[in-house]
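Peer 1: Each residue of the sequence shown is one higher than the one before, counting from 5 in our numbering.
Glycine included, C-beta positions come from ideal geometry on N, C-alpha and C.
Treat the numbers as computed from the prediction; the structure is a model and nothing was measured.
So that we are looking at the same thing, I have put the structure below in structure tokens.
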Amino acid sequence: MKSKTLLKIIILIFILLIPNLYLVSSAEAENNNYNNLNNYLEYFYNRYSDHFHQNGLKYSVPSYGVVDFETPQKAREWIALTSYYKYKALKDESSQTILKLGILNTYRELSQRPKQSQSFADSEAHFLTLRMIETVPNLFKESQKDKILSIINNYLEEGIKAPDTENRAIIAGAHWQYIVNYLFEKQIINSQEKNYYNNLIKRKIDSAIKKSINSDNWYLENKMTDFSVHYHTVSAFMLMVYGDLSEQKEYLDTAEKMYHNIKKISFHNGLVETQLGHRPIGVGAQFYLMQGLLGKYFNDSDYMVYLFYASGNKFFSDPKYPNRLEFHSTTINSDPEYHDDYAFSDVAELGLIIPKFKNIDLYYRSSFYNPIFESADKTFDIKNNGQEIVFNDQKNTLHNSNYSSITNKVKIYTQHEEDISFQLNTSFIDINIY
5 MKSKTLLKII ILIFILLIPN LYLVSSAEAE NNNYNNLNNY LEYFYNRYSD HFHQNGLKYS
65 VPSYGVVDFE TPQKAREWIA LTSYYKYKAL KDESSQTILK LGILNTYREL SQRPKQSQSF
125 ADSEAHFLTL RMIETVPNLF KESQKDKILS IINNYLEEGI KAPDTENRAI IAGAHWQYIV
185 NYLFEKQIIN SQEKNYYNNL IKRKIDSAIK KSINSDNWYL ENKMTDFSVH YHTVSAFMLM
245 VYGDLSEQKE YLDTAEKMYH NIKKISFHNG LVETQLGHRP IGVGAQFYLM QGLLGKYFND
305 SDYMVYLFYA SGNKFFSDPK YPNRLEFHST TINSDPEYHD DYAFSDVAEL GLIIPKFKNI
365 DLYYRSSFYN PIFESADKTF DIKNNGQEIV FNDQKNTLHN SNYSSITNKV KIYTQHEEDI
425 SFQLNTSFID INIY
């Protein structure tokens, strides 16, 4: 009896000490006219905008060529960074001004180059602009909103047709589909134009799938040779969004299979080691948000493990900039090499447009209830006991909740030549609060 009482006390302390993961009932959300997912996202937005307020509107992503902190240059960068003021802009004019200036700088930069330069990045810029206008009602006058919508419509065809590589084409397609739907609902384009744009987007996405997603539903870059954990999940998430917006089940089916592929290489606490693939150096809250929402969409009760893993200080760990939303290497004893995870807001806003995520249940879950222990297909042979993962010829071991190690790393597409003895480990402790 005493042990049960002690356990309850420990669980209560655990709940009180876990920082910054909001638990809001559906009833509360409805009373506040507020999507529950907003309660999860607002923490990230507000804390990251605090970082910009303290250190200036600057970012750094060393692996992508931005080694030193610099101010936004491109349209996508302007709107992405200033979009983190969204929730504050609902409450104060100074944040509205920052958000408005971000949008104005976005379109100033777009106007300085031809439409043919449009790409996935610019589809994100238009999408985030629409989301900010919809979310912050007093940001612009109606005449100004109409002008922005007219500009977006003017860019639409060239933007969809512009070439993109692999996952970027899928990203672009999902965003352009939302934009096409939005302009149609606002009666800016007619049904004939909408069908024309729908077909352009479908061809764009189908071409990307053919080039980068194999028959086992793994995303492989560079002519189907290189696996990327992050861009696999990006592609799966964007296919889910596109399938939902276009009401095409075939894309949802592919996204669901891709989601489960990543679950196969997830540790029991949700951690996924990025360096099982070839890039990037690490993943952050953006990745776990995508994977969590995919799980929710496809009715996997373990979706909250991914969302819970990213909560609190996990991806605010840069000691120099404690409010910087970042991603970093999770390979033990490696240089973390912090990167700004500024694309988080784009994924977050996509999540907010999907009806299935309205009033999403948020609760604490620190370990999978339904893990995938073993899987084999023509691409990868996987064994996973929650604490250790064999991924073809790589062994990935969880050392603590935040880091793992990889041994015997060789080219990952060679097939197993010998049977690997593998003990299932179910000894880890899980605490779940409903």
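Determine the contact status of E277 and N400, defining contact as a CB-CB distance below 8 Å.
Peer 2: Locating residue 277 in the sequence shown gives position 273, where the first residue counts as 1. Locating residue 400 in the sequence shown gives position 396, where the first residue counts as 1. Yes, the pair counts as a contact, with Cβ atoms nearer than the cut-off.
Peer 1: Under the assumption that G177 contacts I156 (Cβ atoms under 8 Å), give the Cβ distance between them as a whole number of angstroms.
Peer 2: Against the sequence shown, residue 177 aligns to sequence position 173. Against the sequence shown, residue 156 aligns to sequence position 152. Between I156 and G177 the Cβ distance is about 16 Å, and since that is not below 8 Å, they are no contact.
Peer 1: Ignore the nearest five residues each way along the sequence and tell me which others in T101's own chain have a CB closer than 7 Å to its CB.
Peer 2: Translated into the one-based positions of the sequence shown, residue 101 becomes position 97. Nothing meets the Cβ criterion.
Peer 1: What is the DSSP secondary structure of A125, counted as helix, strand or coil?
Peer 2: Here residue 125 refers to the residue found at position 121 of the sequence shown. Three-state result, A125: helix.
Peer 1: On the CB-based measure, 16 or more other CB atoms within 10 Å of its CB, does H234 come out buried or exposed?
Peer 2: One-based indexing of the sequence shown puts residue 234 at position 230. Burial call: buried.
Peer 1: Can you check whether the CB of N171 is closer than 8 Å to the CB of Y223?
Peer 2: What you label residue 223 is simply residue 219 of the sequence shown in a count that begins at 1. What you label residue 171 is simply residue 167 of the sequence shown in a count that begins at 1. Result yes, Cβ atoms of Y223 and N171 sit closer than 8 Å.
Peer 1: So, using beta-carbon positions, are Y89 and L329 closer together than 8 Å?
Peer 2: Indexing the sequence shown from 1 puts residue 89 at position 85. Indexing the sequence shown from 1 puts residue 329 at position 325. For Y89 and L329, no; Cβs fall outside 8 Å.
Peer 1: Since Y325 contacts H55 with CB under 8 Å, what's their CB separation in whole angstroms?
Peer 2: Residue mapping note: residue 325 aligns to position 321 of the sequence shown, counting from 1. Residue mapping note: residue 55 aligns to position 51 of the sequence shown, counting from 1. Right, their Cβ atoms sit about 6 Å apart.
Peer 1: Pull up the CB-CB distance for M294 and F331, whole angstroms please, since I reckon it's below 8 Å.
Peer 2: Within the sequence shown, the letter at position 290 stands for residue 294. Within the sequence shown, the letter at position 327 stands for residue 331. The pair is not a contact, with the Cβ atoms about 13 Å apart (cut-off 8 Å).
Peer 1: Per DSSP, what kind of secondary structure is K387 in: helix, strand or coil?
Peer 2: By one-based count along the sequence shown, residue 387 stands at place 383. Three-state result, K387: strand.
Peer 1: Given a cut-off of 8 Å, decide if H57 and S127 are closer than it, judged by their beta-carbon atoms.
Peer 2: Working through the sequence shown from its first residue, we reach residue 127 at position 123. Working through the sequence shown from its first residue, we reach residue 57 at position 53. Not a contact, by the Cβ cut-off of 8 Å.
Peer 1: What's the gap between the Cα of V309 and the Cα of R369?
Peer 2: Within the sequence shown, residue 309 is the residue found at index 305, counting from 1. Within the sequence shown, residue 369 is the residue found at index 365, counting from 1. Each residue's alpha carbon lies about 5 Å from the other.
Peer 1: Measuring alpha carbon to alpha carbon, tell me which of L114, L45, L94, Q290 ends up nearest T139.
Peer 2: Locating residue 139 in the sequence shown gives position 135, counting from the first residue. Of the listed residues, the one whose Cα sits closest to T139 is L94.
Peer 1: Between N273 and S371, is the Cβ-Cβ spacing less than 8 Å?
Peer 2: Within the sequence shown, residue 273 is the residue found at index 269, counting from 1. Within the sequence shown, residue 371 is the residue found at index 367, counting from 1. Contact flag set, yes.
Peer 1: DSSP three-state label for Y201, please.
Peer 2: As a working note, residue 201 is residue 197 in the sequence shown. The answer is helix: DSSP assigns Y201 an H, G or I state.
Peer 1: Going by C-alpha to C-alpha distance, which of P359, I217, N327, V184 sits closest to T258?
Peer 2: Position 254 of the sequence shown, counted from the first residue, corresponds to residue 258. Cα-wise, what sits closest to T258 is I217.
Peer 1: Should K3 be labelled buried (16 or more other beta-carbon atoms within 10 Å of its own) or exposed?
Peer 2: The requested residue 3 is not part of the displayed model; the chain covers only 5 to 438.
Peer 1: Taking the beta carbon of N194 as the centre, do at least 16 other beta carbons fall within 10 Å, making it buried, or is it exposed?
Peer 2: Along the sequence shown, read from residue 1 onward, the residue named residue 194 stands at position 190. That one is exposed.
Peer 1: If the criterion is Cβ atoms closer than 8 Å, does the pair R135 and E353 meet it?
Peer 2: The count along the sequence shown starts at 1 and reaches residue 135 at position 131. The count along the sequence shown starts at 1 and reaches residue 353 at position 349. Closer than 8 Å, so yes.
Peer 1: Using 8 Å as the threshold, is the C-beta distance between K261 and N221 below it?
Peer 2: Position 257 of the sequence shown, counted from the start, is the residue given in the question as residue 261. Position 217 of the sequence shown, counted from the start, is the residue given in the question as residue 221. For K261 and N221, yes; Cβs fall inside 8 Å.
Peer 1: By DSSP, does Y63 sit in helix, in strand, or in coil?
Peer 2: Taking the first residue of the sequence shown as 1, we reach residue 63 at position 59. In the structure shown, Y63 sits in a strand (DSSP, three-state: E or B).
Peer 1: On the three-state DSSP scale, how would you describe V184?
Peer 2: The residue given as residue 184 occupies position 180 in the sequence shown. Here V184 sits in helix by DSSP.
Peer 1: Are three or more beta carbon pairs between the region 332–346 and the region 358–365 nearer than 8 Å?
Peer 2: Output reads no: the region 358–365 does not touch the region 332–346.
Peer 1: Classify P66 as buried or exposed, calling it buried when 16 or more other Cβ atoms lie within 10 Å of its own Cβ.
Peer 2: Counting from 1 along the sequence shown, the entry for residue 66 is found at position 62. With fewer than 16 Cβ atoms within 10 Å of its Cβ, P66 is classed as exposed.
Peer 1: Have a look at F291, G286, E81 and flag the residue whose alpha-carbon is nearest the alpha-carbon of K62.
Peer 2: Within the sequence shown, the letter at position 58 stands for residue 62. Residue E81 is the option with its Cα nearest to K62.
Peer 1: Could you check what DSSP says for E353 in three-state terms: helix, strand or coil?
Peer 2: On the sequence shown, position 349 is the one that residue 353 refers to. DSSP places E353 in helix when its eight states are reduced to three.
Peer 1: Report, in whole angstroms, the separation of the C-beta atoms of S305 and N374, which I expect to be a contact under 8 Å.
Peer 2: As a working mapping, residue 305 is identified with position 301 in the sequence shown. As a working mapping, residue 374 is identified with position 370 in the sequence shown. With a Cβ gap of about 7 Å, S305 and N374 count as contacting.
Peer 1: Measure the Cβ-Cβ separation of I152 and Y201 and say whether it is below 8 Å.
Peer 2: One-based indexing of the sequence shown puts residue 152 at position 148. One-based indexing of the sequence shown puts residue 201 at position 197. No. Outside cutoff.
Peer 1: Which residue or residues does DSSP assign as beta-bridge partners of E74?
Peer 2: Counted from its first residue, the sequence shown places residue 74 at position 70. Y63.
Peer 1: Counting only the same chain and skipping the five closest in sequence on each side, list residues whose C-beta sits under 8 Å from that of S250.
Peer 2: Within the sequence shown, the letter at position 246 stands for residue 250. For S250, where only same-chain residues beyond five positions count, the Cβ hits under 8 Å are Q181, N202, I205, K206.
Peer 1: Within a Cβ cutoff of 6 Å, which residues of the same chain sit near A314, ignoring the five residues on either side of it in sequence?
Peer 2: As a working mapping, residue 314 is identified with position 310 in the sequence shown. Contacts found: A289, Y292.
Peer 1: Got a sec, what are the start and stop residues for the beta strand (DSSP E) Q398 sits in?
Peer 2: By 1-based counting over the sequence shown, the position of residue 398 is 394. Q398 -> beta strand (DSSP E) spans 398–402.
Peer 1: Look up M308 in the DSSP assignment and say whether it is helix, strand or coil.
Peer 2: Locating residue 308 in the sequence shown gives position 304, where the first residue counts as 1. Three-state DSSP puts M308 in a helix.
Peer 1: Would you mind working out which of K190, L85, F131, K119 sits nearest N158, comparing C-alpha positions?
Peer 2: Along the sequence shown, one-based indexing puts residue 158 at 154. Among K190, L85, F131, K119, the Cα nearest to that of N158 is on K119.
Peer 1: Tell me which residues share the same chain as M244 and place their Cβ nearer than 7 Å to its Cβ, disregarding the 5 neighbours each side in the sequence.
Peer 2: Counting from one through the sequence shown, the residue named residue 244 turns up at place 240. Within the same chain, M244 has close Cβ partners L256, A259, L298, Y301.
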